[in-house]
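Residue numbers (the working numbering): -10 to 310.
Right, here's the structure in full:
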């Protein structure tokens, strides 16, 4: 139980908690989730952060000699303030190497400010190619080099947000991920800039079930080939051009996103369905206020054969009653 509770805490707070009891003082060596976050902008605070993480991982590594192997299920590193300095790249490489050596399964990296420059971005090291046990990889504001293999046989979820690609890249990294991750089911691209190259390859995957492309650039002409796709979310510029080129005419529909109602109003969304084989029909109703919070929701299922327009009228009646 204590391991489960501690796994939800940032690593610094987790260590402090372990020091509250003599029975817990060595537990932090074995907690499988590591979460380091820095929001300090001043130089002294930044240096303390670097030193803390370095010292923690050194002690954690030494602890394996007398406590046995200590796998890392989750490694999360967030550096939100202060520009990333290239002189620290060696430290970050070392930290990621530690996670890879300990069979990390989930990795979350967000490095740099909101409007970061490529010259200050951190390029993922080649050591990450050895992270064969990864199932979740979420990257934000880092640089990727397409010369890497990006082969993760167990990866199921991939999120790429505000990613820089190496100046020498000839192939878009997202296509290399799809080629090297045969089990990938969920792909999220947010503010992703596709390389503007001739002969753009399709987003092709036999395993992909969920695809989300938000506020991304150079999507015109992009094709999607995913026969097992269950969910597709596309928002931002050039949405129509991407959908039109990705799917044949008549096989797609642009769905509007939910918009909050005016102040003091409640918005009611309804949707109905016909179950022909069961000779039944039903509907679902959701009411939300100005803040988007749920006011009420319910659904009904009734036996009977009705025409589609009758089902529409019934669901509106239920929503207003």
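Note that CB positions come from ideal geometry on N, CA and C, so glycine has one too. From a predicted model like this one, the values you see are computed outputs, not experimental measurements.
If distances are taken between C-alpha atoms only, which option among the options comes closest to residue i?
i, options, result
"residue 248", "180, 118, 282 and 153", "282"
"residue 26", "223, 45, -1 and 12", "-1"
"residue 93", "121, 101 and 111", "121"
"residue 89", "159, 21, 40 and 215", "21"
"residue 205", "222, 220 and 180", "180"
"residue 113", "142, 83 and 209", "83"
"residue 345", "267, 213, 42 and 274", "Any answer about residue 345 is impossible in this case: the structure gives the chain only from -10 up to 310."
"residue 264", "253, 257, 155 and 289", "289"
"residue 50", "36, 18 and 69", "18"
"residue 250", "278, 266 and 268", "278"
"residue 91", "68, 111 and 117", "117"
"residue 143", "284, 81, 168 and 268", "168"
"residue 172", "254, 195 and 159", "195"
"residue -4", "24, 270 and 210", "24"
"residue 276", "269, 209, 285 and 261", "285"
Does DSSP put residue i in a helix, in a strand, or in coil?
i, result
"residue 150", "strand"
"residue 275", "strand"
"residue 177", "strand"
"residue 261", "strand"
"residue 197", "coil"
"residue 243", "The predicted model places residue 243 with a pLDDT of 47, which falls under 50 and marks its position as unreliable, so this point remains unresolved."
"residue 167", "helix"
"residue 266", "coil"
"residue 90", "helix"
"residue 172", "coil"
"residue 50", "helix"
"residue 192", "strand"
"residue 77", "helix"
"residue 234", "Per-residue confidence for residue 234 stands at a pLDDT of 48, beneath the threshold of 50, marking its modelled position as unreliable; the derived number appears in the next sentence. Looking at residue 234 - three-state DSSP - the assignment turns out to be helix."
"residue 66", "strand"
"residue 218", "coil"
"residue 184", "coil"
"residue 290", "strand"
"residue 284", "strand"
"residue 203", "strand"
Is it right to say residue i is buried, meaning 16 or more other beta carbons lie within 10 angstroms of its own, or is it exposed?
i, result
"residue 28", "exposed"
"residue 8", "exposed"
"residue 153", "buried"
"residue 13", "exposed"
"residue 78", "exposed"
"residue -6", "exposed"
"residue 165", "buried"
"residue 138", "exposed"
"residue 38", "buried"
"residue 244", "Residue placement at residue 244 is poorly supported in this model, since its pLDDT is 49, which falls under 50; the coordinates still yield a value, given next. Classification for residue 244: exposed."
"residue 342", "The structure shown does not extend to residue 342, since the chain spans only -10 to 310, so no value can be given for it."
With a floor of 3 residues, list each beta strand (DSSP E) that falls wholly inside the stretch 96 to 138, ordered by position along the chain. 125 to 129 and 131 to 133
Tell me the start and end of each unbroken alpha helix (DSSP H) in the stretch -9 to 47 that is at least 4 residues and wholly inside, in chain order. -9 to -5 and 0 to 7
Stretch pair the stretch 144 to 153 + the stretch 163 to 180: three plus CB contacts closer than 8 angstroms: yes
Closer than 8 angstroms is the cut-off here; do at least three beta carbon pairs connect the stretch 62 to 70 with the stretch 91 to 103? yes
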